[in-house]
Each structure stands twice: as C-alpha cells, then as structure tokens.
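Numbering (my numbering), first residue to last: 1359 to 1606. Every residue, glycine too, gets a C-beta built ideally from N, C-alpha and C. The structure appears below as structure tokens.
What follows is the structure, given as structure tokens:
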C-alpha cells in the first residue's frame, strides 16, 4: 500500500514539474543565444556558423589561432613582459575564436545565467581536444567567491563537468577560489598583475599527475598561467589547458 502511494506521489510530482516547465516555455520560450530565434539555446544554423579555430594554423604551444609559424602571443618578447621565458602548460587549445557570435554565447552563459549553454559549449570543447592529450582528470579554473555568489554557479565548473562526462574522466576541484577582480575590463598588464600568485591548491587536495584544465575564455593567458603554476606546485606533472573561446 505504502509503495503504491509513493509511486503515485512521485508521478504527481513529475507531472507537476512537467506542467510547470511547459508553462514556462510557453510564456518565456527558449531562444538561441546568437540569433534569438525560439527553439534551442544554440540553434543548428548558428552552431554551424561559429568561428571555429583551425588547429593546423594555431600555435602548438599556446593555441593562438594563427601562431603556428610565428606566434604573437608566446614569443620571447611577449612572454618576457609577463616575467616568463616559456608558457607553463604543456599545451593549450580552444574551440572557437572570440568573435561576435562566440562573445554572445559567453555573455548569455555567464552574465544572463543560461546554464543550458554549458552542454553545447562542452561538446565543442571536447572536439577541440588534441588526441595526443591523455589526461587523468579534468579540473577547472575556479571563479572567485564574489563571482560565484553573483552568478549563482561556477561557469568553468559546469563546463568541466560536461567535458569530463564526454571524455569519461573524473572531474576534480583541486584549486582554491582566488581573490581577483573581474578580468574583462583590464589591460594585458593589469590581467597579469590581477592573477599573479592568486591561485593555490586546496590544503590536502589530491592532484592528478596529468590534468586537463578548463576555463571559458583565454584572453592573455594570465589566468591559465597562474592556475597551471599552482597545479605544478601541488604535484601535477603535465597540464593541458582547454577553453571554449580564444581572444585574438
């Protein structure tokens, strides 16, 4: 008898949730983050038209979209301004270049809280991962506590979890939340200063030997540089970085 009542209650809850979702979709239909047409959070037409990064033209060290022959981002002069001789990670790649459509997706995801975009973004990132990368786990660059409270979620964590599921890898959280300002309004020099030494591994965290580090956008590389340094200090032997978009 009790099992029958429990079944009926579960069915009633499922029906109520489905009805609420249908009503919400009627009043506020899902729209594409790029073209605003109703239907999907990212429609097929806009998905096909995204500015995909060509791996064969990208820098093999830092992933800059057109740096395979002569990279403007990780050459000795540019790196010296950041106080470095080489990039700290073993490789970096991105799914798309940060042009207008990609920027709309990122803004809708992060600033408007459209968490459903994490799934197609993670799917594109999984395709962009070079086959030679063989990580033991997926980690993410944690948002600051203030950003986490403001958005209600950690944008890089959702991407990392979606990516880990697609790659059949565990998702780990070895890095503590940093105390940094929002990077988007900062210059290259200010970005480097804002993140320098701000990332640390959590006390007692188990850090896999080979890590795939995830973030949404790579601009100057400052955040990925410092997060990679923290993972190296905590024992990671190899770190690869993967983002949805790359600023160029």
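Where the alpha helix (DSSP H) through residue i begins and ends
i, result
"residue 1404", "1402-1406"
"residue 1394", "Neither: residue 1394 is in no alpha helix (DSSP H) and is coded neither H nor E."
"residue 1557", "Counting along the chain, residue 1557 falls outside any alpha helix (DSSP H), and DSSP gives it neither H nor E."
"residue 1584", "1580-1591"
"residue 1481", "1476-1486"
Range covered by the beta strand (DSSP E) that runs through residue i
i, result
"residue 1602", "1596-1604"
"residue 1571", "1568-1576"
Between the CA atoms of residue j and residue i - distance to the nearest angstrom
i, j, result
"residue 1410", "residue 1455", "6 Å"
"residue 1326", "residue 1581", "Nothing about residue 1326 can be reported from this structure: the residues present for the chain run from 1359 to 1606 only."
"residue 1607", "residue 1390", "Outside the displayed span of the chain (1359 to 1606) sits residue 1607, for which this structure offers no information."
"residue 1492", "residue 1417", "19 Å"
"residue 1382", "residue 1388", "Caution applies to residue 1382, whose pLDDT of 43 falls short of 50 and renders its modelled position unreliable; the value that the coordinates give is listed next. In a straight line, the C-alpha of residue 1382 is about 9 Å away from that of residue 1388."
"residue 1488", "residue 1561", "31 Å"
"residue 1441", "residue 1395", "46 Å"
"residue 1425", "residue 1558", "30 Å"
"residue 1536", "residue 1413", "31 Å"
"residue 1431", "residue 1566", "28 Å"
"residue 1451", "residue 1596", "15 Å"
"residue 1650", "residue 1415", "Nothing can be reported for residue 1650, as the shown portion of the chain is limited to 1359 through 1606."
"residue 1374", "residue 1594", "Since pLDDT at residue 1374 reaches only 44, below the 50 mark, its modelled position is unreliable, and the value read off the structure follows with that caveat. For residue 1374 and residue 1594, the distance between alpha carbons rounds to 47 Å."
"residue 1568", "residue 1592", "12 Å"
"residue 1439", "residue 1578", "12 Å"
"residue 1407", "residue 1447", "30 Å"
Proximity of residue i and residue j at Cβ, strictly below 8 Å
i, j, result
"residue 1604", "residue 1584", "no"
"residue 1495", "residue 1528", "yes"
"residue 1511", "residue 1473", "yes"
"residue 1513", "residue 1574", "yes"
"residue 1600", "residue 1586", "no"
"residue 1607", "residue 1478", "The requested residue 1607 is not part of the displayed model; the chain covers only 1359 to 1606."
"residue 1480", "residue 1521", "yes"
"residue 1393", "residue 1404", "yes"
"residue 1598", "residue 1449", "yes"
"residue 1602", "residue 1505", "no"
"residue 1516", "residue 1483", "no"
"residue 1444", "residue 1437", "yes"
Residue i at chain D interface by Cβ criterion, 8 Å
i, result
"residue 1516", "The chain inventory of the structure shown lacks chain D, comprising one protein chain alone."
### Query
How about the segment 1457-1465 and the segment 1498-1509: do they share at least three Cβ pairs that are nearer than 8 Å?
They do not touch, by the three-pair rule.
#### Entry: Inside the segment 1419-1471 only - beta strand (DSSP E) runs reaching at least 3 residues
Every beta strand (DSSP E) stretch that sits fully inside the segment 1419-1471 and reaches 3 residues is listed by chain position as 1449-1455.
### Query
Which parts of the segment 1488-1539 are runs of the alpha helix (DSSP H), unbroken and 4 residues or longer, counting only runs that do not cross its ends?
Entirely contained in the segment 1488-1539, the alpha helix (DSSP H) runs reaching 4 residues are, in chain order, 1503-1509, 1513-1525.
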